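> Dropping a structure here in structure tokens format, bear with me for questions.
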Amino acid sequence: MNRFLGENPLTDTNAPNPIFIAHQNANTDEINRKLNRLKISLERENKYGEALQASRKEPPIEKLISFDLKNMCKALEVADEEIERVLSIKKECGFEFPYQTIGSPFAPLRVIEHFSSDSYEGPSGFNE
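Using UniProt numbering, read the sequence shown as starting at 1 and increasing by one per residue.
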């Protein structure tokens with residue numbers, strides 16, 4: 001028995017375990033790889049955001065002059081006509097909308113206001 005005890009002398013207990021160090025290094029490498037992938041993804045998203053901002057050269061609607069507003073109204077009317085055309089084609093082909101509509105979904109919204117002196121009706125139409 002002394003022969004077996006003498007072959008493996010006790011090691012310093014304060015020395016770090018090499019298996020533990022290898023495991024820590026492997027975890028560190030994996031975390032570094034994930035961090036690098038996230039950095040690349042963030043840089044790609046930042047470039048995409050900058051490209052979107054650069055492509056958006058339109059002034060806000062408050063700063064449009066009447067000529068621009070007239071052009072915008074014409075463009076909206078053309079888009080509305082295109083939507084109505086596609087809608088009529090879909091109706092002819094028997095396409096059913098998956099929801100019910102009240103009136104035409106493309107009719108302009110008209111708000112009718114009723115004022116009462118004794119109660120306040122909120123946006124839901126019920127007394128609050």
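Glycine included, C-beta positions come from ideal geometry on N, C-alpha and C. For clarity, every value in this text was computed on a predicted model and none was experimentally measured.
Any Cβ of chain B within less than 8 Å of the Cβ of A75?
Note that chain B does not occur in the displayed structure, where there is just one protein chain.
> Just the C-alpha distance for K74 and S88, rounded to the nearest angstrom, thanks.
Rounded to the nearest angstrom, the two C-alpha atoms are 21 Å apart.
> With respect to the alpha helix (DSSP H) encompassing A54, which residues constitute its N-terminal and C-terminal limits?
Counting along the chain, the alpha helix (DSSP H) containing A54 begins and ends at P18 to S55.
> For I31, which residues in the same chain have their Cβ closer than 6 Å to its Cβ, ignoring the five residues on either side in sequence?
Cβ neighbours of I31 beyond the five flanking positions: none.
> Pick helix, strand or coil for L64, following the three-state DSSP scheme.
Correct three-state label for L64: coil.
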